[in-house]
Amino acid sequence: MATLARMALSVARIITEVLEGEATAGDATSLTDTLRMIQPNQHWDRGTLWVLSGSYAGRVIPVTGHLVNKVTFATIAPSALAATNRYALARAVYPWERLVAAINDALDEVRVIEEDSSLTGDGETLEFDIPITVDRVRTVNFNDPQNPKFKPPSTHFKQWGSKLRFDYGYAPPDGWAIILGHETDHPTMTLYNDEVNSEVNQEWLRWKAAEFALYWGAKTYGDDKAYDIEILMNRVREQQKTLYPTTPIITVRTA
Numbered sequence: 001m002a003t004l005a006r007m008a009l010s011v012a013r014i015i016t017e018v019l020e021g022e023a024t025a026g027d028a029t030s031l032t033d034t035l036r037m038i039q040p041n042q043h044w045d046r047g048t049l050w051v052l053s054g055s056y057a058g059r060v061i062p063v064t065g066h067l068v069n070k071v072t073f074a075t076i077a078p079s080a081l082a083a084t085n086r087y088a089l090a091r092a093v094y095p096w097e098r099l100v101a102a103i104n105d106a107l108d109e110v111r112v113i114e115e116d117s118s119l120t121g122d123g124e125t126l127e128f129d130i131p132i133t134v135d136r137v138r139t140v141n142f143n144d145p146q147n148p149k150f151k152p153p154s155t156h157f158k159q160w161g162s163k164l165r166f167d168y169g170y171a172p173p174d175g176w177a178i179i180l181g182h183e184t185d186h187p188t189m190t191l192y193n194d195e196v197n198s199e200v201n202q203e204w205l206r207w208k209a210a211e212f213a214l215y216w217g218a219k220t221y222g223d224d225k226a227y228d229i230e231i232l233m234n235r236v237r238e239q240q241k242t243l244y245p246t247t248p249i250i251t252v253r254t255a
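Positions 1 to 255 (the working numbering) are the ones given, in order, by the sequence shown.
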């Protein structure tokens with residue numbers, strides 16, 4: 001499952017310069033790469049560092065400075081970065097906060113399926129009050145408490161407003177949990193290790209988030225050709241034409 005850190009890096013690769021390499025040295029406040037980090041001083045100031053391997057793999061670290069072949073940052077604990085740690089580095093053109101905001105803007109357009117298992121069958125009742133936290137019910141499964149992995153689906157249900165009704169002869173089994181798969185908004189992502197819901201099309205998400213980031217870039221940098229915003233915007237829109245936000249849910253219903 002994709003994390004916020006991984007998705008943000010994927011977006012950054014589309015819209016801005018990203019350097020990827022392997023550290024030749026590292027400690028609690030810096031990372032050095034004498035082979036690839038050869039850009040002018042301050043080139044990576046206030047940028048974003050992704051740690052791709054080692055003890056801090058998956059971590060995102062704000063860069064405070066760049067001098068010669070080294071970027072510096074606030075102290076990390078309890079250990080440190082080291083030689084051979086793989087990394088990715090993006091400039092401050094699109095800071096971490098802006099990448100996160102763009103991803104959340106894209107996720108605002110998505111409805112995902114979450115589960116509610118607060119209802120329990122008794123073998124007889126056919127109509128249940130749907131919990132107030134549940135919106136549109138898309139799927140129903142039952143769960144045998146004696147066999148938690150056994151979750152047979154039900155195709156004999158209907159939602160009428162705030163009521164869930166089962167067809168005659170298909171009452172939920174006595175003592176079994178009724179698992180409602182219902183549509184809901186995707187949670188806002190804030191931490192680098194927050195995970196994207198598995199139903200979200202990650203390819204769609206990275207291109208849609210890139211579009212939102214470029215909107216911000218257009219407002220911030222205007223027509224400055226150095227940022228290639230118009231060219232990049234055309235590219236991301238073209239990529240989205242055949243992509244869908246989520247995996248389609250196919251519900252088989254009986255008469």
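Beta carbons: idealized from backbone N, C-alpha and C, even for Gly.
(message) Quick check: what's the CA-CA separation for alanine 57 versus valine 51?
(response) 5 Å
(message) Tell me the rounded alpha-carbon separation between methionine 158 and phenylalanine 166.
(response) Reading off the sequence shown, one finds lysine at residue 158, where the question assumed methionine. Approximately 6 Å, taken between the alpha carbons.
(message) Under DSSP, the beta strand (DSSP E) around arginine 86 begins and ends at which residues?
(response) 86 to 90
(message) Between Ala177, Met37, Ala213, which has its C-alpha nearest asparagine 69's C-alpha?
(response) Met37
(message) According to DSSP, simplified to helix, strand and coil, what is valine 11?
(response) helix
(message) As an exercise, report each continuous beta strand (DSSP E) stretch of at least 3 residues that is fully enclosed by the region 44 to 131, in chain order.
(response) 48 to 51, 60 to 62, 65 to 67, 70 to 72, 86 to 90, 111 to 120, 127 to 129
(message) Short of 8 Å in beta carbon distance, which residues of its chain neighbour glutamine 39, apart from the five on each side in sequence? Order them along the chain.
(response) Leu19, His66
(request) In angstroms with no decimal places, state the Cα-to-Cα distance between serine 30 and tyrosine 87. (result) 12 Å
(request) Could you check the C-alpha separation between phenylalanine 219 and asparagine 141 for me, to the nearest Å? (result) Inspection of the sequence shows that residue 219 is occupied by lysine rather than by phenylalanine. Whole-angstrom Cα-Cα distance: 47 Å.
(request) Mark isoleucine 250 as exposed unless 16 or more other C-beta atoms lie within 10 angstroms of its C-beta, in which case mark it buried. (result) Low local confidence applies: a pLDDT of 38 at isoleucine 250 is under 50, so the model's placement there is unreliable, and no value is given.
(request) Go to glycine 217, then tell me how far its beta strand (DSSP E) extends in each direction, as first and last residue. (result) Premise fails: glycine 217 lies in the alpha helix (DSSP H), 202 to 221, not in any beta strand (DSSP E).
(message) Please state the DSSP three-state secondary structure of valine 134.
(response) coil
(message) Taking the straight line between their C-alpha atoms, what separation do you get for tryptophan 216 and arginine 98?
(response) Cα to Cα, tryptophan 216 sits roughly 8 Å from arginine 98.
(message) Taking the alpha-carbon of asparagine 41 as reference, which of Ile61, Val71, Leu35 has the nearest alpha-carbon?
(response) Val71
(message) Would alanine 82 and alanine 23 qualify as a contact pair, given that the criterion is a beta-carbon distance under 8 Å?
(response) yes
(request) Answer yes if the region 115 to 134 comes into contact with the region 192 to 208, meaning at least three C-beta pairs across the two stretches below 8 Å, and no otherwise. (result) no
(message) On the DSSP letters alone, give me the boundaries of the beta strand (DSSP E) that glutamate 199 sits inside.
(response) Unbroken run through glutamate 199: none, as it is neither H nor E.
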